[in-house]
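In what follows, a single structure is set out as structure tokens and then discussed.
Protein chains: 2
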Amino acid sequence: MTGAAKGAAGRPELSRGKVLQKALELADAGGIAALSIRSLAQSIGTKPMSLYYYVANKEEILDGLVDLVFAEISTPQAGSEWKEQMRRRAHSAREVLRRHPWAIGLLESRKAPGPETLKHHEATLATLREGGFTVEQTARAYSLLDSYIYGFALQEAGLPISGGEPMAQVAAPIMERFATGEYPYLVEIATQVVMQPDYDYGNEFGYGLELILEALQPASAA
Amino acid sequence: MTGAAKGAAGRPELSRGKVLQKALELADAGGIAALSIRSLAQSIGTKPMSLYYYVANKEEILDGLVDLVFAEISTPQAGSEWKEQMRRRAHSAREVLRRHPWAIGLLESRKAPGPETLKHHEATLATLREGGFTVEQTARAYSLLDSYIYGFALQEAGLPISGGEPMAQVAAPIMERFATGEYPYLVEIATQVVMQPDYDYGNEFGYGLELILEALQPASAA
DNA sequence: TCCACTTTCGTACACTGTACTGTAGCGTCT
DNA sequence: AGACGCTACAGTACAGTGTACGAAAGTGGA
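This is the structure in structure tokens:
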């Protein structure tokens with residue numbers, strides 16, 4: 067009927083891109099645990115073993131996912147004001163990692179960086195170098211900025227839901243168990259900050275970012 | 067002969083602590099993927115299903131592991147100089163996470179913090195508060211510091227080996243593929259910084275940490 | 001017509017976490 | 001003394017995982 071026949075040459079039905087795209091959707095919908103070869107094949111409308119024609123193994127799918135995620139982060143443009151570029155990049159990266167929280171844990175074990183990942187790093191390095199940073203300063207600044215971004219995303223991902231207002235409702239029952247007074251400072255920060263109705267942890271990102279950007283500066287003698 | 071009989075009351079052979087301890091060793095030895103219920107049972111010298119008397123499910127084991135890791139981080143002491151205490155804590159945390167890199171990815175999905183984790187957070191909060199930070203300042207400072215620590219550990223874990231000198235040897239073959247000139251700045255930083263024989267990424271941790279500690283300060287008007 | 005190549009898939013295997021059930025030995029109570 | 005129950009451990013079985021191996025169906029070219 068519709069598609070091509072069972073095992074045919076000519077126009078293939080699948081493609082590596084289609085596989086990775088669907089894998090991304092599955093991971094976004096149900097976390098990385100929901101991404102199995104079988105569930106992926108089914109959601110594509112094919113059979114498990116068919117995927118292995120486009121992908122060597124699951125690890126390669128995960129590599130591809132990480133590269134897809136990096137591709138979503140807005141690329142800085144060298145030549146412009148480095149500080150503003152880094153600010154844009156940082157906010158974009160945080161937002162992307164909030165949409166794909168499962169990607170953070172994947173970073174720990176990835177070995178082979180994809181082309182989009184390399185392109186992104188190259189553009190960021192270029193912006194810093196052409197902004198006046200020496201090679202060594204660039205390495206340190208980049209490490210500092212990315213550490214902060216990844217770490218913040220990691221903490222944000224660990225939060226119960228992180229979607230607007232439910233913060234207070236989620237934290238309340240947990241806090242009741244601390245009425246014993248064992249953890250006074252935890253209770254203090256929970257009640258006076260975290261559980262405030264309009265509190266959103268995501269807003270704290272800007273504070274740390276600005277503090278870092280303010281302290282960073284190119285050149286000058288050692 | 068030696069141990070107690072098969073299914074006896076009285077002195078039990080296993081314990082929750084023993085299970086978690088062995089699980090930690092297994093994870094350290096072969097990564098989190100090497101930690102299966104069956105491999106864990108075998109390394110303890112018991113049978114898979116016996117573990118479930120002390121632990122509800124594998125998730126609870128992972129929760130316990132994270133708590134064990136937190137317990138290894140040196141606890142700051144309130145009342146002393148907050149900056150020095152935070153410095154000690156940060157370096158300790160990084161060192162612990164370098165020994166247990168699999169724990170970083172676990173942080174993303176943990177829901178229930180263990181008692182050691184809570185104790186650690188309480189002590190850190192106490193140090194900042196008694197160091198003169200307001201509640202809001204404490205929240206922000208803590209978020210900033212931990213983001214940097216976790217993020218740095220995450221990046222360090224993603225590195226090929228990170229064990230002294232092999233940095234240059236590992237990076238060299240990868241870099242050869244970039245002789246095309248597609249990624250000039252990546253090549254520059256790789257050859258002039260990362261692949262230098264005495265370069266150790268871990269040393270960069272102190273730079274970012276000091277920059278952050280320098281910029282942090284309690285009180286003062288807004 | 002026939003071959004070779006591309007693309008898809010069926011079967012099978014070793015492995016995972018764990019629900020359910022069984023049972024051996026001990027302490028306690030009557 | 002006898003019975004009970006509770007603690008600690010384990011056997012079996014099941015649905016799920018990634019994937020090695022090989023078969024097969026269709027297309028394009030000779």
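Respectively, the protein sequence lines represent chains A and B.
Residues 67 to 288 (the numbering used here) make up the first sequence, in order.
Residues 67 to 288 (the numbering used here) make up the second sequence, in order.
Note that the Cβ used here is the ideal one computed from N, Cα and C, for glycine as well.
* To do: Check L86 (chain A) in the structure and name its three-state DSSP category.
  => Position 20 of the first sequence holds residue 86 (chain A). Here L86 (chain A) sits in helix by DSSP.
* Can you give the beta carbon distance from R154 (chain A) to P167 (chain A), rounded, assuming they're within the 8 Å contact cut? -> Your numbering for residue 154 (chain A) matches position 88 in the first sequence. Your numbering for residue 167 (chain A) matches position 101 in the first sequence. The pair is not a contact, with the Cβ atoms about 21 Å apart (cut-off 8 Å).
* Asked: How would you label K113 (chain A), buried or exposed, when you count the other beta carbons within 10 angstroms and need 16 or more for buried?
  -> For this step, residue 113 (chain A) is matched to residue 47 along the first sequence. Flag for K113 (chain A) reads exposed.
* To do: Ignore the nearest five residues each way along the sequence and tell me which others in L90 (chain A)'s own chain have a CB closer than 7 Å to its CB.
  => Stepping through the first sequence from its first residue, residue 90 (chain A) is reached at position 24. Hits under 7 Å: L131 and L134.
* So which residues on chain A does S146 (chain B) lean against when the C-beta distance must stay under 8 Å? -> Your numbering for residue 146 (chain B) matches position 80 in the second sequence. In chain order: nothing, as chain A lies at least about 16 Å away.
* To do: Starting from T204 (chain A), find everything on chain B with Cβ-Cβ shorter than 7 Å and list it in chain order.
  => Indexing the first sequence from 1 puts residue 204 (chain A) at position 138. Per Cβ cutoff of 7 Å: I255.
* Taking C-beta to C-beta, are Y214 (chain A) and Y214 (chain B) nearer than 9 Å? -> As a first step, residue 214 (chain A) is located in the first sequence; it is residue number 148 there, counting from the start. As a first step, residue 214 (chain B) is located in the second sequence; it is residue number 148 there, counting from the start. It is a contact, given that the beta carbons lie within the stated cut-off.
* **Three-state secondary structure (DSSP) of A287 (chain B)** => Residue 287 (chain B) sits at position 221 when you count from the first residue of the second sequence. With a pLDDT of 47 at A287 (chain B), under the threshold of 50, the modelled position of this residue cannot be trusted; read the value that follows with caution. If DSSP states are grouped into helix, strand and coil, A287 (chain B) belongs with coil.
* Stretch pair the stretch 78 to 88 of chain B + the stretch 242 to 256 of chain A: three plus CB contacts closer than 8 Å -> no
* To do: Put A244 (chain B) into one of helix, strand or coil per three-state DSSP.
  => As a first step, residue 244 (chain B) must be located in the second sequence, where it is residue number 178. Looking at the sequence shown, residue 244 (chain B) is not Ala but Phe. Here F244 (chain B) sits in coil by DSSP.
* Residue environment, Y208 (chain A), which counts as buried when at least 16 other CB atoms sit within 10 Å -> As a working note, residue 208 (chain A) is residue 142 in the first sequence. By the neighbour-count rule (16 or more Cβ atoms within 10 Å), Y208 (chain A) is buried.
* Less than 9 Å separating the beta-carbons of E254 (chain A) and V121 (chain B)? -> Within the first sequence, the letter at position 188 stands for residue 254 (chain A). Within the second sequence, the letter at position 55 stands for residue 121 (chain B). Result no, Cβ atoms of E254 (chain A) and V121 (chain B) do not sit closer than 9 Å.
* For G198 (chain B) and S286 (chain B), the rounded distance between their alpha carbons -> As a working note, residue 286 (chain B) is residue 220 in the second sequence. As a working note, residue 198 (chain B) is residue 132 in the second sequence. For S286 (chain B) and G198 (chain B), the distance between alpha carbons rounds to 10 Å.
* To do: Measure the alpha-carbon distance for L172 (chain A) versus R160 (chain A) and round it to whole angstroms.
  => Within the first sequence, numbered from 1, the residue matching residue 172 (chain A) stands at position 106. Within the first sequence, numbered from 1, the residue matching residue 160 (chain A) stands at position 94. So the two alpha carbons sit approximately 15 Å from each other.
* For chain A, find out if any of its Cβ atoms is closer than 9 Å to the Cβ of S175 (chain B); answer yes or no. => If you number the second sequence from 1, residue 175 (chain B) lands on position 109. For S175 (chain B), the answer is yes, since a Cβ of chain A falls inside 9 Å of its Cβ.
* Would you say E182 (chain A) faces chain B, with C-beta separation under 9 Å as the test? -> Here the question's residue 182 (chain A) lines up with position 116 in the first sequence. Chain B, which has no Cβ nearer than 9 Å to the Cβ of E182 (chain A), makes this no.
* **Option nearest P284 (chain A) by Cα separation, candidates A:A99, A:V162, A:K149 and A:S158** => Taking the first residue of the first sequence as 1, we reach residue 284 (chain A) at position 218. That would be A:K149, whose Cα lies nearest to the Cα of P284 (chain A).
* Alpha carbon to alpha carbon, how far is S109 (chain B) from E276 (chain A)? Give it in angstroms, no decimals. => As a working note, residue 276 (chain A) is residue 210 in the first sequence. As a working note, residue 109 (chain B) is residue 43 in the second sequence. Their backbone Cα atoms lie some 49 Å apart in a straight line.
* **At least three beta-carbon pairs within less than 8 Å, the stretch 267 to 281 of chain B to the stretch 215 to 222 of chain B** => yes
* To do: In angstroms with no decimal places, state the Cα-to-Cα distance between A156 (chain A) and Y251 (chain B).
  => Here residue 156 (chain A) corresponds to residue number 90 of the first sequence, with the count starting at 1. Here residue 251 (chain B) corresponds to residue number 185 of the second sequence, with the count starting at 1. For A156 (chain A) and Y251 (chain B), the distance between alpha carbons rounds to 20 Å.
* Asked: Any idea if E222 (chain B) is buried or exposed, counting beta-carbon neighbours within 10 angstroms, 16 or more meaning buried?
  -> On the second sequence, residue 222 (chain B) is found 156 positions in, with the first residue counted as 1. E222 (chain B) is buried by the Cβ-count criterion.
* Asked: In chain order, which continuous runs of the alpha helix (DSSP H) of length 4 or greater are located wholly inside the stretch 122 to 172 of chain A?
  -> 124 to 138 and 148 to 165
* Find the nearest neighbour of D129 (chain B) within the set B:P181, B:Y267 and B:R206, judged by alpha-carbon distance. => Sequence index remark: in the second sequence, residue 129 (chain B) carries index 63 (1-based). Comparing Cα positions, the closest option is B:P181.
* Nearest-angstrom beta carbon gap, L163 (chain B) and A219 (chain B) [assumed within contact, 8 Å] -> Taking the second sequence and counting its residues from 1, one reaches residue 219 (chain B) at position 153. Taking the second sequence and counting its residues from 1, one reaches residue 163 (chain B) at position 97. Yes, they are in contact, since the Cβ atoms of A219 (chain B) and L163 (chain B) sit about 4 Å apart, within 8 Å.
* Considering K185 (chain B), what are the terminal residues of the alpha helix (DSSP H) in which it resides? -> One-based indexing of the second sequence puts residue 185 (chain B) at position 119. Looking at the DSSP string, the run of the alpha helix (DSSP H) that includes K185 (chain B) is P181 to E196.
* **Reference R176 (chain B); option with closest CA among B:T204, B:I278 and B:E126** => On the second sequence, residue 176 (chain B) is found 110 positions in, with the first residue counted as 1. Selected option, being the one with the closest Cα: B:E126.
* Inter-residue spacing [alpha-carbon to alpha-carbon] between A100 (chain A) and G145 (chain B) -> Locating residue 100 (chain A) in the first sequence gives position 34, where the first residue counts as 1. Locating residue 145 (chain B) in the second sequence gives position 79, where the first residue counts as 1. For A100 (chain A) and G145 (chain B), the distance between alpha carbons rounds to 47 Å.
* Asked: When the Cα of P179 (chain B) is compared with those of A:F136, A:E174, A:P226 and A:R195, which residue comes out closest?
  -> Here residue 179 (chain B) corresponds to residue number 113 of the second sequence, with the count starting at 1. Checking every option, the nearest Cα to that of P179 (chain B) belongs to A:P226.
* Asked: By a C-beta neighbour count over all protein chains shown, 10 Å radius and 16 as the cutoff for buried, is E188 (chain B) buried or exposed?
  -> Looking up residue 188 (chain B) in the second sequence gives position 122. With 16 or more Cβ atoms within 10 Å of its Cβ, E188 (chain B) is classed as buried.
* To do: Could you check if Q262 (chain B) is buried or exposed, using at least 16 other CB atoms within 10 Å of its CB as the buried criterion?
  => Locating residue 262 (chain B) in the second sequence gives position 196, counting from the first residue. With fewer than 16 other Cβ atoms within 10 Å, it is exposed.
* Take I170 (chain A) as the anchor and find which of A:S116, A:I98, A:M241 and A:L106 has the nearest alpha-carbon. => Start at 1 with the first residue of the first sequence, and residue 170 (chain A) comes out as number 104. For I170 (chain A), the nearest C-alpha among the options comes from A:I98.
* To do: For L220 (chain B), return the contacting residues in chain A, with the cut-off set at a CB-CB distance below 8 Å.
  => Within the second sequence, numbered from 1, the residue matching residue 220 (chain B) stands at position 154. Simply I170, L173, E174, S213, Y216, G217 and L220.
* Asked: Which residues in the same chain as R195 (chain A) place their Cβ atom closer than 6 Å to its Cβ, once the five residues preceding and following it in sequence are excluded?
  -> As a first step, residue 195 (chain A) is located in the first sequence; it is residue number 129 there, counting from the start. If we look at R195 (chain A) and ignore the five residues flanking it on each side, its Cβ neighbours are T204.
* Are the beta-carbon atoms belonging to Q151 (chain A) and T193 (chain A) less than 9 Å from one another? -> Position 85 of the first sequence, counted from the start, is the residue given in the question as residue 151 (chain A). Position 127 of the first sequence, counted from the start, is the residue given in the question as residue 193 (chain A). In this structure, T193 (chain A) lies closer than 9 Å to Q151 (chain A) by Cβ.
* To do: Would you tell me roughly how many angstroms separate the C-alpha atoms of L210 (chain A) and D264 (chain B), rounded to the nearest one?
  => Taking the first residue of the first sequence as 1, we reach residue 210 (chain A) at position 144. Taking the first residue of the second sequence as 1, we reach residue 264 (chain B) at position 198. Looking at the two C-alpha atoms, the distance is approximately 20 Å.
* Asked: Buried or exposed: which applies to E280 (chain A), given that a residue is buried once 16 or more other Cβ atoms fall within 10 Å of its Cβ?
  -> Your numbering for residue 280 (chain A) matches position 214 in the first sequence. Classification for E280 (chain A): exposed.
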